[in-house]
Amino acid sequence: MPTVAERFVERLVDHDVRHAFGIPGGPWIPYMEAMRRRGMSFTVVANEASAGFMADVCYRLTGRPALCHGTFGPGATNLATGVGCAWLDRSALIAATTEPSDAMRRRVMQMNIDHQALFAPLTKQTLRAGRADIAAVVDCAVRTACEEVPGPVHIGLPSDLAEQPAAAAPPNAGPPGARRLAGPDALAVAAERIDRARRPLLALGLTAQRLRVGPPIMRLAEKRQAAVVVTPMAKGLIPEDHPLYTGVLFHARSDLLADVIREADLVVGIGYDPVEFNYEEWLPDVPLVHIDTRPADVAASVDLAADVIGDLRATLGFFGTVQLAAADWDLQHLADHRRRLHAALRPGGDALGPTEALEILREILPPEGIVTCDVGAHTHLIGQLWPTPAPGRLLMTNGWSSMGFAVPAALAAATCRPEVPVVAVTGDGGFTMMAGELVTARRLGLDCVILILADRMLSLIEVKQGWKRCDPASSVLYDHDFLGAACIFGVPVHRADTPEALKRALAAAFQTVGPVVVEAAVEGAAYHQLIARSYR
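Sequential numbering from 94 applies to the sequence shown in my numbering.
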């Protein structure tokens, strides 16, 4: 008879869960051994938060949930940071934690906190497994995690459970059921409003990116000749040089979008998730048609003309069958707007700036390469500036927005896509949080480049301090050079402070086997010109 640990892993493998990340405690050892025997990888990381970030990215790139683990107390609280990323960035994962046995659960004991209470606000569901129901718990967790809207599910594993004999397993419950279709009345109202708008504006968001519905959206946009804006996590759905492309909401110089947005007489949100940016923060005083897998979350002041809820691909297929008149957007005006935005993102200057550093990276990185983006001032620039040729080529966190995301995300990308080049773009603050994962990358032999935009500041905070006319000295991270070494944790470091040096460093880094760090000493003053305070 298999043990609970063996049944747990067996059921995960049945659901095509292939990757697991975490830091083990003693009770986790039988699960690790069961994974080894079943050919399921368990990657020990430097910080449990990384385990959650990595499981999140595995889902984004493969469409299959991964497992992350933390042990009692501090292991679980560290893990919660990564699990929260999956919660607000909408990724399916299974978060397993070791919990006290039934006999000790309510007792005072070392490292004992209520994991069920901890993960309840960060997950779609939190469960506690037992010997008799371990297979059913895994089935429920995977099914719930993958149902629309996807997200994390937590399983608490009592510390004395792993080596107990498992009960007989019921048949595999299978994948989630089909998504429901939108109602015909809502579809008819939406089609009528879209057809009679003179200048409809399509706003594409996270759901559209996750469900990879770019082609039918583009057919609708071109059929209607509608201008298009995207949220940061929807980059790649439309080419940035497309005649209808307008820009990225909320990120660098997004204030320039306001002139175009104000010309719209209807906004059509397609797969728009307000977790990135609430509608009312930018919506002009025009009606809204919301097309998504769940209802619009808007303020009462918003004129919600139609709320079309259902399977997004099927809904877009419907719009492909109806007659829609062409809009009267001035394409030359949109082209002029793109040129102004393009120029505003390049403020110039003698020193190596973040814009120059990113353009050098774009020149060297092949189109199929994957960029993971950390949180900070550079995020706003990447979100607007970085040409993203397809979904999945730029990975960022914008719903959760945790510093430290980029490095573990790059490790996960290199694990899932070893055939393509991977680069993490991070600031010096975000890198400091996750520098220990260089040990993980080196041990696994992962080919990834970590580009640090080192400007000695928490630059996004320093920009906001400037808005409030506060002294920025409290945002200084260090004096002199950042790493000051040719090697860190056995990983080579290249430093560059000019465009030419950065080109050489990146070219060498992408020719190197294993992880490489490139420290680009950039002048962060440009961020004051690049980051817009507000739309209005």
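Beta carbons are placed, not taken as given, at the ideal position from N, Cα and C, and that holds for glycine.
Taking the straight line between their C-alpha atoms, what separation do you get for residue i and residue j?
{"i": "Asp-352", "j": "Pro-158", "result": "41 Å"}
{"i": "Val-513", "j": "Ala-506", "result": "9 Å"}
{"i": "Leu-570", "j": "Gly-520", "result": "11 Å"}
{"i": "Cys-151", "j": "His-112", "result": "8 Å"}
{"i": "Gly-168", "j": "Ala-314", "result": "47 Å"}
{"i": "Leu-445", "j": "Cys-563", "result": "26 Å"}
{"i": "Ala-470", "j": "Leu-211", "result": "30 Å"}
{"i": "Arg-199", "j": "Glu-192", "result": "11 Å"}
{"i": "Arg-629", "j": "Lys-328", "result": "In this prediction, Arg-629 scores a pLDDT of 40, lower than 50, which makes its location untrustworthy; the coordinate-derived value is nonetheless stated afterwards. Arg-629 and Lys-328: Cα-Cα distance of roughly 23 Å."}
{"i": "Ala-238", "j": "Leu-295", "result": "29 Å"}
{"i": "Leu-376", "j": "Ile-457", "result": "37 Å"}
{"i": "Arg-273", "j": "Pro-308", "result": "21 Å"}
{"i": "Glu-141", "j": "Phe-575", "result": "25 Å"}
{"i": "Arg-236", "j": "Asp-288", "result": "38 Å"}
{"i": "Ala-547", "j": "Val-556", "result": "16 Å"}
{"i": "Ala-284", "j": "Arg-312", "result": "15 Å"}
{"i": "Val-176", "j": "Ala-601", "result": "35 Å"}
{"i": "Leu-250", "j": "Pro-264", "result": "22 Å"}
{"i": "Leu-186", "j": "Ala-179", "result": "7 Å"}
Considering only residues of the same chain and omitting the five flanking positions on each side of residue i, which have a CB-CB separation below 6 Å?
{"i": "Phe-524", "result": "Ile-545"}
{"i": "Arg-292", "result": "Glu-356, Ala-357, Asp-358, Ala-420, Trp-422"}
{"i": "Gly-476", "result": "Pro-325, Val-341, His-344"}
{"i": "Ala-585", "result": "Per the sequence shown, residue 585 should be read as Pro rather than Ala. For Pro-585, where only same-chain residues beyond five positions count, the Cβ hits under 6 Å are Val-609."}
{"i": "Pro-440", "result": "Ala-619, Gln-622"}
{"i": "Val-97", "result": "Arg-224, Ile-227, Leu-254, Ala-255, Gln-257, Ala-259"}
{"i": "Leu-304", "result": "Leu-405"}
{"i": "Arg-104", "result": "Ala-228, Val-231"}
{"i": "Tyr-338", "result": "Val-321, Ile-331"}
{"i": "Gly-36", "result": "Residue 36 lies beyond the residue range present for the chain, which begins at 94 and ends at 629; the question has no answer from this structure."}
{"i": "Asn-491", "result": "Pro-325, Met-326, Glu-369"}
{"i": "Pro-482", "result": "Pro-460"}
{"i": "Thr-136", "result": "Phe-114"}
Compute the minimum distance between the beta carbon of residue i and the heavy atoms of the ligand FMN, and state whether it is under 7 Å.
{"i": "Leu-570", "result": "The model on display carries no ligand, and the ligand FMN is accordingly not part of it."}
Using a 10 Å radius around the Cβ and a threshold of 16 neighbouring Cβ atoms, would you call residue i buried or exposed?
{"i": "Asp-149", "result": "buried"}
{"i": "Pro-268", "result": "exposed"}
{"i": "Ala-261", "result": "exposed"}
{"i": "Lys-561", "result": "exposed"}
{"i": "His-426", "result": "exposed"}
{"i": "Asn-171", "result": "buried"}
{"i": "Gly-132", "result": "exposed"}
{"i": "His-573", "result": "exposed"}
{"i": "Arg-161", "result": "According to the sequence shown, residue 161 is Cys rather than Arg. Buried, because 16 or more other Cβ atoms sit within 10 Å of the Cβ of Cys-161."}
{"i": "Gln-302", "result": "buried"}
{"i": "Val-322", "result": "buried"}
{"i": "Arg-433", "result": "exposed"}
{"i": "Ala-320", "result": "buried"}
{"i": "Arg-633", "result": "This structure gives no information on residue 633, because the portion of the chain shown stretches from 94 to 629."}
{"i": "Leu-504", "result": "buried"}
{"i": "Val-401", "result": "buried"}
{"i": "Thr-605", "result": "exposed"}
{"i": "Pro-484", "result": "buried"}
{"i": "Arg-431", "result": "buried"}
Measuring CA to CA, which of the options is closest to residue i?
{"i": "Pro-325", "options": "Leu-595, Leu-474, Ala-210", "result": "Leu-474"}
{"i": "Val-102", "options": "Ala-255, Cys-563, Ala-517", "result": "Ala-255"}
{"i": "Pro-336", "options": "Arg-317, Leu-349, Phe-498", "result": "Arg-317"}
{"i": "Ala-534", "options": "Asp-107, Pro-117, Arg-104, Ala-139", "result": "Ala-139"}
{"i": "Val-500", "options": "Phe-146, Leu-454, Arg-433", "result": "Phe-146"}
{"i": "Thr-591", "options": "Pro-447, Glu-285, Thr-191, Leu-537", "result": "Pro-447"}
{"i": "Ala-290", "options": "Cys-509, Ala-418, Met-125", "result": "Ala-418"}
{"i": "Gly-577", "options": "Ala-614, Gly-607, Ile-554", "result": "Ala-614"}
{"i": "Gly-607", "options": "Thr-508, Ala-398, Val-201", "result": "Thr-508"}
{"i": "Arg-286", "options": "Leu-349, His-383, Glu-612, Glu-333", "result": "His-383"}
{"i": "Met-526", "options": "Thr-174, Asp-348, Pro-243, Val-611", "result": "Thr-174"}
{"i": "Asp-390", "options": "Ile-624, Gln-416, Phe-165, Pro-367", "result": "Pro-367"}
{"i": "Arg-588", "options": "Ala-450, Gln-558, Arg-130", "result": "Ala-450"}
{"i": "Pro-117", "options": "Gly-166, Val-515, Val-110", "result": "Gly-166"}
In its own chain, which residues sit with a C-beta less than 7 Å from the C-beta of residue i, not counting the 5 before and 5 after it?
{"i": "Val-306", "result": "Gly-364, Leu-405, Arg-406, Leu-409"}
{"i": "Ala-392", "result": "Glu-373"}
{"i": "Phe-411", "result": "Leu-280"}
{"i": "Ser-494", "result": "Val-468"}
Skipping 5 residues on each side, what residues in its chain have a beta carbon closer than 8 Å to that of residue i?
{"i": "Phe-582", "result": "Ala-528, Gly-529, Leu-531, Val-532, Arg-535"}
{"i": "Val-379", "result": "Ala-357, Asp-358, Leu-359, Val-360, Asp-396"}
{"i": "Ile-453", "result": "Pro-592, Leu-595, Lys-596, Leu-599"}
(request) Would you list, in sequence order, the uninterrupted beta strand (DSSP E) runs of no fewer than 3 residues that lie entirely inside the segment 99 to 146? (result) 112 to 115, 134 to 137
(message) For a minimum of 3 consecutive residues, which ranges assigned as the beta strand (DSSP E) are wholly contained in the segment 262 to 329?
(response) The segment 262 to 329 contains these whole beta strand (DSSP E) runs: 293 to 297, 320 to 323.
(request) Pick out the complete beta strand (DSSP E) segments inside the segment 546 to 608, 3 residues or longer, and give them in chain order. (result) Here the runs fully enclosed are 584 to 589.
(message) To test your reading of the DSSP string, which unbroken alpha helix (DSSP H) runs of 4 or more residues are found completely within the segment 174 to 246?
(response) Here the runs fully enclosed are 208 to 212, 227 to 239.
(request) Enumerate, from N- to C-terminal direction, the unbroken beta strand (DSSP E) stretches of 3 or more residues contained entirely within the segment 419 to 488. (result) 463 to 466
(message) Runs of 3 residues minimum, wholly inside the segment 347 to 380: which ones carry the beta strand (DSSP E) assignment?
(response) 359 to 363
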